[in-house]
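Taking UniProt numbering, the leading residue of the sequence shown gets 1, the next gets one more, and so forth. For glycine and all other residues, C-beta sits at the position ideal for the given N, C-alpha and C.
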Amino acid sequence: MSCHACLGKYAPEAQPLLAAKKEEAAGRSPARIFKDYVHNAALMAIPAALVLVVTACVCLGLGYDLPTITGGVEPGLEFPEPLVVNPPGNARAEAAVVFLHGLGGHARGVDGVGIAANLIQLPGVKWIFPDAPVMPVTVEGGRNIPSWYDIERFTDSIEDFVDDKTRIIQSAQFVTGIVQELVAKDGIAPEKIVLGGFSQGGAVALTAALHGASALGPGVSLGGVFALSSYLPMRDMYPSPMMPDPSVAARTKVLIAHGDEDAILPLEFGQVTAQKLSAMGANVEFHEMYGVGHERLGDEETAILRRWLAQLV
């Protein structure tokens, strides 16, 4: 595992919010910080979407028969149609990136297209931004918000974090369905498909990358997976019968970036995830971002992700 340290920078419109967060974080609970993050993410969603309209051709809807997974959860999880950004100039897609937003976010928000706004011009790459189903979230007092799975509470230690295993697997299966359609209908090779996500979305992306590749056939692996301010859930279950082909991890390239001032998912979450995946044989690149909290990508993080993606797609 290679480790790097980078200082994150942020877009001008984010600076007042980030300054306020740094001043107040010491006196706020993770739940309070998260509520403020969701509020500000919603306010910043429209500018992020406008950037996309200028820089890319946006098509609503995949035209795929995406699965609605209902087993084991009442009511069943219903996934909205993903947002799709075709390659520049509507060129034929030779590769694809599936990016999952965080808890309380959405595909068109600051932690969806807002994160990828400076990356979508990678030649020949189709970007897919799924939306999480809306469900009651315990840490939000049961309020219905977009969420890939339920979260009981935020914790300082990853070992105390309770995983909603059923919904995590269901959301990962949904992402796997998108990957299968990219292979079957777009003709994109699995090794040219990258999964990624921010916060909660990164947890689902990691799970899908480890489990979903086996659904594509023996010996098949995806191009890679990246997790921003995130973690690997259900770590004690790896390797397990849930993972039919344990060698998938050894063939998986992983990028993890985590801020050392993250007050929602502390740095330990990223560090433990990198250690676990490395122990499983994955090729892990870990970046500790100095002076960075639980926020959108800055210039340095964007440069890291761009370089890493360019090697894979």
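Whole angstroms are fine: how far does the CA of residue j sit from the CA of residue i?
| i | j | result |
| --- | --- | --- |
| E23 | D262 | Below a pLDDT of 50, predicted positions are generally treated as unreliable, and E23, at 42, falls in that range; no measurement from the model is reported. |
| A208 | G270 | 17 Å |
| L216 | F286 | 27 Å |
| G293 | L267 | 9 Å |
| Q173 | G212 | 7 Å |
| A48 | V110 | With a pLDDT of only 38 at A48, under 50, the local geometry of the prediction cannot be trusted, and no value is derived from it. |
| F198 | A107 | 11 Å |
| S229 | Q275 | 15 Å |
| P123 | P87 | 6 Å |
| V125 | K185 | 15 Å |
| Q121 | I188 | 18 Å |
| E300 | Y290 | 11 Å |
| K35 | V272 | Since pLDDT at K35 reaches only 46, below the 50 mark, its modelled position is unreliable, and the value read off the structure follows with that caveat. For K35 and V272, the distance between alpha carbons rounds to 26 Å. |
| M280 | V204 | 18 Å |
| G298 | G141 | 31 Å |
| N90 | R306 | 20 Å |
| residue 320 | D156 | Outside the shown range of the chain, which is 1 to 313, sits residue 320, and nothing can be said about it. |
| V53 | F79 | The predicted position of V53 is uncertain, since its pLDDT is 35 and thus under 50; no value can be drawn from it. |
| V162 | E94 | 38 Å |
| R143 | H101 | 18 Å |
| E288 | V225 | 17 Å |
| R92 | Y238 | 37 Å |
DSSP puts residue i in a beta bridge; with which residues?
| i | result |
| --- | --- |
| residue 321 | Past the edges of the chain, shown from 1 to 313, lies residue 321, and the structure says nothing about it. |
| P136 | N144 |
| G197 | L100, A227 |
| A95 | V125 |
| L216 | DSSP, once it has assigned bridges, lists no residue as partnering L216. |
| N283 | K253 |
Out of the options, state which residue places its alpha-carbon closest to the alpha-carbon of residue i.
| i | options | result |
| --- | --- | --- |
| P190 | A249, L182, G105 | L182 |
| V113 | G142, P82, G89, R143 | P82 |
| A117 | T176, G187, T302 | T302 |
| F99 | A93, T252, D131, N90 | D131 |
| R296 | G141, G105, V175 | G105 |
| V85 | E78, A95, E94, I128 | I128 |
| D236 | D160, G196, L195, P80 | D160 |
| I115 | G196, E288, Y238, L210 | G196 |
Compare the beta carbon distance of residue i and residue j with 7 Å and say whether it is the shorter of the two.
| i | j | result |
| --- | --- | --- |
| I168 | P233 | yes |
| Y231 | I145 | no |
| G223 | K192 | yes |
| A227 | G202 | yes |
| F154 | I264 | yes |
| L206 | S147 | no |
| L77 | Q170 | yes |
Could you round the C-beta distance between residue i and residue j to whole angstroms and report it? I think they count as a contact, below 8 Å.
| i | j | result |
| --- | --- | --- |
| D150 | V134 | The pair is not a contact, with the Cβ atoms about 12 Å apart (cut-off 8 Å). |
| L277 | V254 | 5 Å |
| A257 | A282 | Not quite, the Cβ-Cβ distance comes to about 15 Å (not below 8 Å), so this is no contact. |
| L119 | L309 | 7 Å |
| T252 | S221 | 6 Å |
| V194 | V284 | Rounded, the Cβ-Cβ distance is 15 Å, inconsistent with contact. |
Any chance the CB of residue i is under 6 Å from a heavy atom of the ligand ATP?
| i | result |
| --- | --- |
| D150 | Although the ligand ATP was asked about, the structure shown includes no ligands whatsoever. |
Can you check whether the C-beta of residue i is within less than 7 Å of a C-beta belonging to chain B?
| i | result |
| --- | --- |
| G142 | Note that chain B does not occur in the displayed structure, where there is just one protein chain. |
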